[in-house]
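K.L.:
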Amino acid sequence: MLIRRLRSWELPEHEATPETVFLNRRSLLAGTAGLIGAAALGGPAAAQRADPTFDLYPAKRNESFALDRAITPERFSADYNNFYEFGSSKSVAVAAKALKIRPWTVVVDGLVEKPFEIGFDDLIRKMPLEERLYRLRCVEAWAMAVPWTGFPMKAFLDLAKPLGSAKYLKMQTFLDRSVAPGQRQVWYPWPYTEGLTMPEAANELTFLVTGAYGKPLSNQFGAPLRLAVPWKYGFKSVKSLVRFSFTEERPKSFWEALQSSEYGFWANVNPKVPHPRWSQATERILGTDEQRPTLIFNGYGEYVADLYKGLDSERLFV
Ligand SMILES: Nc1nc2c(c(=O)[nH]1)N[C@H]1C(S)=C(S)[C@@H](COP(=O)(O)O)O[C@H]1N2
Ligand SMILES: [Mo]
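Residue numbers (the numbering used here): 1 to 318.
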């Protein structure tokens, strides 16, 4: 009952369009630059200029990941976020500034040769950074296209050295009720958790993100480290990661734990498989009124369709 009432984010977009988008649209029409300060203009904010990894940006773009549409302007993508740790509205950018992203330690444990912890600044300097233009399709039927900077999960796996017995990679967000008011809402299964099979984790597309728009990530995007798996619904792209655990058992993810009939483990994008309460056939392009047809695997089938051969008994598209 409680969950039902609270999960307003599941409303179809036309019933739930937040005021901020209207405001931005209006200010655009008026010829002004939007409402969120320097970041809205695309330049690095003070927090980003002070970031100890600022010198790594912009990273060289990997041209193999091309878009079929325009990059979403940062003033839209940085002001319309799902980050339940900081509230269930889309306007979490200000609240997310409370997250302290240094020092930041990442734990690697479970079925690995040797569990370890590594500081984020050490980790990023061991990894091959590049920029990729990726699309993101939220299960709520809006979509965006973002220039992420980061490194292939494959490079991280080479560092983590999972054992042959590992079948899944479980990933978790930080847990700190003192900075994240959403985490005081005890009916949610914190910390936010997501999982991939090992073949999914090792896929060329699976990307660990440290930056966006040629700068270190701003907090609302999931700083300092988040996942991007663009062929899956956006809720799989878990933010502000602190722990990577290799397991034999399939991890239960945050939304799956809340409502498994609507949000499953696989969550691959498919226009023909509706959400129980709305169609997935089209998507609204963030910052516009444009609707586009949704693509199977969000258009990334050539990279990932083979991962799902022989898995027809699974709920691959929920
Ligand atoms: N920790 C955490 N990760 C999260 C979420 C969240 O609430 N908490 N929301 C997910 C959802 S539903 C989406 S669509 C994307 C949104 O990413 P964006 O805010 O960068 O657009 O983040 C995903 N990762
Ligand atoms: Mo989402």
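The C-beta atom is built at its ideal place from N, Cα and C for all residues, glycine as well.
A quick note: this is a predicted structure, and the numbers were derived from the prediction, not measured.
1) What are the complete beta strand (DSSP E) segments, minimum 3 residues, inside the region 54 to 100?
2) So, with DSSP's three-state summary, where would you put arginine 250?
3) Taking only heavy atoms of ligand 2 into account, decide whether any of them is closer than 7 angstroms to the Cβ of valine 139.
4) Short check: CB of valine 229 to CB of leucine 258, under 8 angstroms?
5) Answer with buried or exposed for leucine 175, where buried requires no fewer than 16 other C-beta atoms within 10 angstroms of its C-beta.
6) Can you name, in chain order, every residue of its own chain whose Cβ lies under 7 angstroms from the Cβ of threonine 197, other than the five neighbours on each side?
7) Could you please give the first and the last residue of the uninterrupted alpha helix (DSSP H) stretch that includes glutamate 302?
8) Run the CB neighbour count on phenylalanine 54, radius 10 Å, all protein chains shown included, and call it buried at 16 or more, exposed below.
9) Looking at the structure shown, is alanine 47 part of a helix, part of a strand, or coil, going by DSSP?
10) From Thr173, Ala98, Phe120, pick the residue whose C-alpha is nearest to that of arginine 243; which is it?
11) Please name the residue, chosen from Ile101, Phe235, Glu85, Pro199, that lies closest to alanine 95 on a Cα-to-Cα basis.
12) Comparing the CB of tyrosine 188 with every heavy atom of ligand 2, is any distance shorter than 7 angstroms?
13) Does the region 123 to 142 come within contact of the region 57 to 77, defined as at least 3 CB pairs closer than 8 angstroms?
14) Taking the alpha-carbon positions, what's the glycine 299 to proline 147 distance?
15) Could you give the DSSP three-state label for glutamine 183: helix, strand or coil?
16) Near leucine 241, what residues of its chain come up, given a Cβ to Cβ distance below 6 angstroms and the 5 sequence neighbours on each side ignored?
17) How far does the alpha helix (DSSP H) with alanine 145 in it extend, from its first residue to its last?
18) How would you write the range of the alpha helix (DSSP H) that glutamate 200 sits in, first residue to last?
19) For alanine 45, tell me which candidate among Glu74, Lys60, Glu63 has the shortest Cα-Cα distance.
20) Alpha carbon to alpha carbon, what distance is there between phenylalanine 317 and tryptophan 266?
21) Could you check whether the Cβ of leucine 136 sits closer than 7 angstroms to any heavy atom belonging to ligand 1?
P.N.:
Taking the coordinates as given:
1) none
2) coil
3) yes
4) no
5) exposed
6) Lys167, Tyr168
7) 301 to 304
8) exposed
9) helix
10) Thr173
11) Glu85
12) no
13) yes
14) 17 angstroms
15) helix
16) Met171, Leu225
17) That residue, alanine 145, is in no alpha helix (DSSP H); its beta strand (DSSP E) goes 142 to 152.
18) 198 to 202
19) Glu74
20) 6 angstroms
21) yes
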